[in-house]
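> Got a structure here, written out as structure tokens. Questions coming.
Number of protein chains: 2
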Amino acid sequence: MTENRRTYHRASEAERREDLITATLDCIAESGIQGATVRQIATRAGVTGGLIRHYFTGKDQMLQAAYRKMMTGMTEAAIAAAIEGETAKARLRRFIVANVTPPVTDPRTLSLWAAFISHIQIDPSFAAIHRENYLAFLEALETLLTAFFKEEQRLVSSDQCRRYAISLSALVDGLWLEGTLAADMFADRELAENALSSVEALLHLQPGELSDE
Amino acid sequence: MTENRRTYHRASEAERREDLITATLDCIAESGIQGATVRQIATRAGVTGGLIRHYFTGKDQMLQAAYRKMMTGMTEAAIAAAIEGETAKARLRRFIVANVTPPVTDPRTLSLWAAFISHIQIDPSFAAIHRENYLAFLEALETLLTAFFKEEQRLVSSDQCRRYAISLSALVDGLWLEGTLAADMFADRELAENALSSVEALLHLQPGELSDE
DNA sequence: GCGGCAATTATTCAAGCGTATAATAACGAT
DNA sequence: ATCGTTATTATACGCTTGAATAATTGCCGC
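So the protein sequences, as listed, match chains E and L.
For the first sequence, this note's numbering begins at 1 and goes up steadily by one.
For the second sequence, this note's numbering begins at 214 and goes up steadily by one.
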């Protein structure tokens, strides 16, 4: 009997995992965690459902991998933007702006982020992943701040630096959230300008000290 | 044949709707949107599944009603705390603090909030509900701010007031988020204090002007 | 107390879910 | 070329899902 079995190609493990994770994120972003079924994900990745359990012990583990990838992607995008700045001040500014500018402010990203957040209470492994990445974000911000204060020859205790980092992080997160949820309410640069002047205020800088070239 | 049909009591429409919505929120908070199945919700509400379609055209409509109830509950909690203040300054302070204090900072609330946010991209009716409540929150904050500036005899344009409201709202949301997600990282009053001093900075007040009695 | 209305239960249905297992085809080693 | 390995497909299974329908029972007006 000549069965019509579809042809395929054997991919490397890394490649296949990557594809599956990407497909998972796509599905969640498009139709929520409800829509991220094994079959949907497999279809989008161009494979059949059974393959997922060849690379992951189950759907849950794949979701976790996807969460990890998404979170590190977000933080790294902001850090990548920052390191291109020449001074500590420029790096701080670029970091802030990057977090309230596409592609970080993106409906897809927000949808993914929220979907995972809502699973933190249900599955503790998601909480661990979140914590890990929140701390990384906080530390990146704290490092930028410390360097900035040093460059400005302004003495700030490490305790105060941490408090600043928490506030700034909250502000950035909040603006990111609102800017993404109500993108139509804000003009192109409005969000970034608001973020910068808010940061200036939070750090007790001169108006324009951060935003001006 | 004497079938064993369970006894029940005919409730008023308002009562039953309320029960169903509460049960829906409980289910989502506890086990995510995935766990909020018609049967789970019905069980928790003490009825059988079929009844849901007697009060709502479908599961989706019930979810929307639940979202609406949850959001108005959050905003109203903060507003209720605010109006007890005697001066405009006190009202503003109470509003800020209420938003970073239980019961607003509560894992259950966060879980619910995130679950719904993640459905905004999928179902436009959820987006409308969100928008509605975000604007209400913003307006409440703007009103408090305007009154506060007037009380302080400080002249602030309504444009600037709106910008302040957006920044404050973002900050509060962000702190709420982080404080709830990583509750163990913050001491009891730390979050509220951080919020108040951050607001002071954002509004260019004297340190302690808001937080001090 | 007793009809009749409708709120509620009980049951059924098709579709879709995650997972398990068996068959198969791709590809590197030989 | 052929073989052996194993990545991949195909199929099946048992459950759960949201919804539709039929049967019943609580309750209000009389």
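Think of the CB as a built atom: it goes at the ideal place given N, C-alpha and C, for glycine as much as any other residue.
These numbers were taken from a predicted model, which means no experiment stands behind them.
Does any residue of chain L bring its CB to less than 8 angstroms from the CB of E/I122?
Output row for E/I122: interface = yes.
> What are the boundary residues of the alpha helix (DSSP H) that L/Y280 is part of?
Segment 272–295, the alpha helix (DSSP H) holding L/Y280.
> Assuming E/A128 is part of the alpha helix (DSSP H), what are its boundary residues?
Element bounds for E/A128: 124–151.
> Is DSSP giving E/F95 helix, strand or coil here?
E/F95: helix per DSSP, three-state reduction.
> For a contact meaning CB atoms closer than 8 angstroms, what does L/H417 contact in chain E?
Within 8 angstroms Cβ-Cβ: A201.
> Nearest to L/S374 by CA position, among L/E228, L/A353, L/N407, is which residue?
Checking the displayed sequence, the identity of residue 374 of chain L turns out to be Cys instead of Ser. Among L/E228, L/A353, L/N407, the Cα nearest to that of L/C374 is on L/A353.
> Quick check on DSSP: helix, strand or coil for E/M1?
With a pLDDT of 43 at E/M1, under the threshold of 50, the modelled position of this residue cannot be trusted, and the question is left open.
> In three-state DSSP terms, what is E/E193?
Helix, per DSSP.
> What are the boundary residues of the alpha helix (DSSP H) that includes L/T322?
320–330 is the extent of the alpha helix (DSSP H) around L/T322.
> Does the beta-carbon distance from L/D273 to L/D336 come in below 8 angstroms?
Result yes, Cβ atoms of L/D273 and L/D336 sit closer than 8 angstroms.
> In the stretch 245–260 of chain L, which residues sit with their C-beta less than 7 angstroms from some C-beta in chain E, listed in chain order?
So the close ones are G245, I246, Q247.
> Counting only the same chain and skipping the five closest in sequence on each side, list residues whose C-beta sits under 8 angstroms from that of L/Q366.
Same-chain partners within the cutoff: there are none.
> Give, in chain order, every residue of the stretch 361–391 of chain L whose Cβ lies closer than 8 angstroms to some Cβ of chain E.
Within the stretch 361–391 of chain L, the residues whose Cβ lies closer than 8 angstroms to some Cβ of chain E are R376, I379, S380, S382, A383, L384, V385, D386, G387, L388, L390, E391, listed in chain order.
> Between E/Y67, E/E30, E/A201, which has its C-alpha nearest E/R108's C-alpha?
Of E/Y67, E/E30, E/A201, the residue nearest in Cα terms is E/E30.
> Quick check on L/I333: does DSSP put it in helix, strand or coil?
In the structure shown, L/I333 sits in coil (DSSP, three-state: anything other than H, G, I, E or B).
> Could you say if the stretch 402–416 of chain L and the stretch 179–192 of chain E meet the contact criterion of at least three C-beta pairs nearer than 8 angstroms?
No, they do not touch.
> Cβ of E/A98 within 8 angstroms of Cβ of E/A77?
Yes.
> Using 8 angstroms as the Cβ pair cut-off and three pairs as the minimum, do the stretch 374–383 of chain L and the stretch 415–423 of chain L touch?
At 8 angstroms Cβ cutoff, the stretches touch.
> Work out the CA separation of L/R219 and L/Y347 for me, nearest whole Å.
Looking at the two C-alpha atoms, the distance is approximately 44 angstroms.
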